[in-house]
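Worksheet: one structure, shown below.
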Amino acid sequence: GENVEQHPSTLSVQEGDSAVIKCTYSDSASNYFPWYKQELGKRPQLIIDIRSNVGEKKDQRIAVTLNKTAKHFSLHITETQPEDSAVYFCAASIQGNTGKLIFGQGTTLQVKP
Amino acid sequence: GAGVSQSPSNKVTEKGKDVELRCDPISGHTALYWYRQSLGQGLEFLIYFQGNSAPDKSGLPSDRFSAERTGGSVSTLTIQRTQQEDSAVYLCASSYGGYNEQFFGPGTRLTVL
Chain E
23 GENVEQHPST LSVQEGDSAV IKCTYSDSAS NYFPWYKQEL GKRPQLIIDI RSNVGEKKDQ
83 RIAVTLNKTA KHFSLHITET QPEDSAVYFC AASIQGNTGK LIFGQGTTLQ VKP
Chain P
50 GAGVSQSPSN KVTEKGKDVE LRCDPISGHT ALYWYRQSLG QGLEFLIYFQ GNSAPDKSGL
110 PSDRFSAERT GGSVSTLTIQ RTQQEDSAVY LCASSYGGYN EQFFGPGTRL TVL
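Written as structure tokens, this is what we have:
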């Protein structure tokens, strides 16, 4: 079945630096790749997503890139702030099928002031 | 509008007892998903509903787990004869079908003693 690998598991950066989280997926039929942010004790919230017909998408300080050939996608956060500290999950799904999300294991991002 | 809600927020039970977890999706969302998040782990897909039907139950870990959805709205996840390994946060998500963003509920934290 579909598998998503996410690296690194933990990431510590200084405020103002950039952070990059990478994911690879196994099912070439996957066509939708969301990223969720989960603060401690809270529900996961979508921060950005990308569909397979697009190579890059940006939203202010957050960007996601997708390489379909290599089956990997990445989250880039620039000018990190302490409030960016959280666990980030990547996921992959086949839209138009069940749409179920297959998640990576998560990355704990710590932004040090 | 109101988001996805789940009840109870916390449930402590004894090994061998049955538990029911409830999910109220966003009104009008036809797709409903259950996921499980074990401590420090990613989210694991359990079951998908489209309307009241469950075309994908592939993530249910054993026959002790079952779920139903009524009126195209509320869903109940039932775990029979609970085991300690069932301890986790159970998250529900809903969306406008299998093409769209999934919105998560706050989860039910289940502890099996």
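Heads up: the protein sequence lines correspond to chains E and P, in order. Heads up, the final residue of the first sequence is numbered 135 in my numbering, and it's a clean run with no missing numbers. Heads up, the final residue of the second sequence is numbered 162 in my numbering, and it's a clean run with no missing numbers. Don't be surprised by glycine CBs; every beta carbon is placed ideally from N, CA and C.
On the CB-based measure, 16 or more other CB atoms within 10 Å of its CB, does Val86/E come out buried or exposed? Against the first sequence, residue 86/E aligns to sequence position 64. Val86/E comes out buried.
So with Cβ pairs under 7 Å, would you call Glu117/P a contact of chain E? Locating residue 117/P in the second sequence gives position 68, where the first residue counts as 1. Cβ-Cβ to chain E under 7 Å: no for Glu117/P.
Whose CA, out of Gln129/P, Gly52/P and Arg130/P, lies closest to the CA of Ile75/P? As a working note, residue 75/P is residue 26 in the second sequence. The closest CA to that of Ile75/P, considering only Gln129/P, Gly52/P and Arg130/P, is found on Gly52/P.
For Ser115/E, which residues in the same chain have their Cβ closer than 7 Å to its Cβ, ignoring the five residues on either side in sequence? If you number the first sequence from 1, residue 115/E lands on position 93. Answer for Ser115/E: Ser52, Tyr54, Gly121, Lys122, Leu123 and Ile124, listed in chain order.
Report back the beta-carbon spacing between Arg71/P and Thr125/P to the nearest angstrom; my notes put them in contact at under 8 Å. Counting from 1 along the second sequence, the entry for residue 71/P is found at position 22. Counting from 1 along the second sequence, the entry for residue 125/P is found at position 76. Going by Cβ atoms, the distance from Arg71/P to Thr125/P rounds to 6 Å, so yes, they are a contact pair.
With 7 Å as the C-beta to C-beta threshold (strictly closer), list the residues of the region 80 to 91 of chain P near chain C in chain order. The displayed structure is made up of protein chains E and P, and chain C is not among them.
Buried or exposed by the 16-neighbour rule on C-beta atoms within 10 Å, applied to Gly120/P: Numbered from 1 along the second sequence, position 71 holds the residue referred to as residue 120/P. Its Cβ having fewer than 16 others within 10 Å, Gly120/P is exposed.
Taking just the CA atoms, how far does Glu69/P sit from Arg113/P? Start at 1 with the first residue of the second sequence, and residue 113/P comes out as number 64. Start at 1 with the first residue of the second sequence, and residue 69/P comes out as number 20. One Cα belongs to Arg113/P, the other to Glu69/P, and the distance between them is close to 12 Å.
Check Pro104/E in the structure and name its three-state DSSP category. Indexing the first sequence from 1 puts residue 104/E at position 82. The answer is helix: DSSP assigns Pro104/E an H, G or I state.
Compare the C-beta of Arg83/E with all C-beta atoms of chain P and state if any pair is closer than 7 Å. For this step, residue 83/E is matched to residue 61 along the first sequence. The beta-carbon of Arg83/E is placed no less than 7 Å from the nearest beta-carbon of chain P.
CA nearest to the CA of Arg65/E, picked from Asp105/P, Pro155/P and Gly108/P: As a first step, residue 65/E must be located in the first sequence, where it is residue number 43. Closest by alpha carbon: Pro155/P.
Going along the chain, which residues of its own chain have a beta-carbon closer than 7 Å to the beta-carbon of Arg83/E, five neighbours each way excluded? By 1-based counting over the first sequence, the position of residue 83/E is 61. The beta carbon of Arg83/E lies closer than 7 Å to those of Ile99, Thr100 and Glu101 in the same chain, with the five residues before and after it left out.
Is there at least one Cβ from chain E nearer than 7 Å to Phe94/P's Cβ? Taking the second sequence and counting its residues from 1, the one referred to as residue 94/P is at position 45. Cβ-Cβ to chain E under 7 Å: yes for Phe94/P.
Please go through the same chain and pick out, in chain order, the residues whose beta-carbon is closer than 6 Å to the beta-carbon of Lys106/P, but skip the five residues on each side of it. Counting from one through the second sequence, the residue named residue 106/P turns up at place 57. Excluding its 5 nearest sequence neighbours in each direction, Lys106/P has C-beta neighbours in its own chain below 6 Å: Ile96, listed in chain order.
Once DSSP output is grouped into helix, strand and coil, what is the label at Gln127/E? Reading the first sequence from its first residue, position 105 is the one you call residue 127/E. Annotated three-state conformation of Gln127/E is coil, per DSSP.
Are Ala108/E and Lys59/E touching if we call contact CB-CB under 7 Å? Residue numbering aside, residue 108/E sits at position 86 when the first sequence is read from its first letter. Residue numbering aside, residue 59/E sits at position 37 when the first sequence is read from its first letter. Yes, Cβ-Cβ distance for Ala108/E and Lys59/E is below 7 Å.
Would you say Asp112/P reaches chain E, if we count a Cβ-Cβ gap shorter than 7 Å as a contact? Counting from 1 along the second sequence, the entry for residue 112/P is found at position 63. With respect to chain E, the C-beta atom of Asp112/P has no partner C-beta closer than 7 Å.
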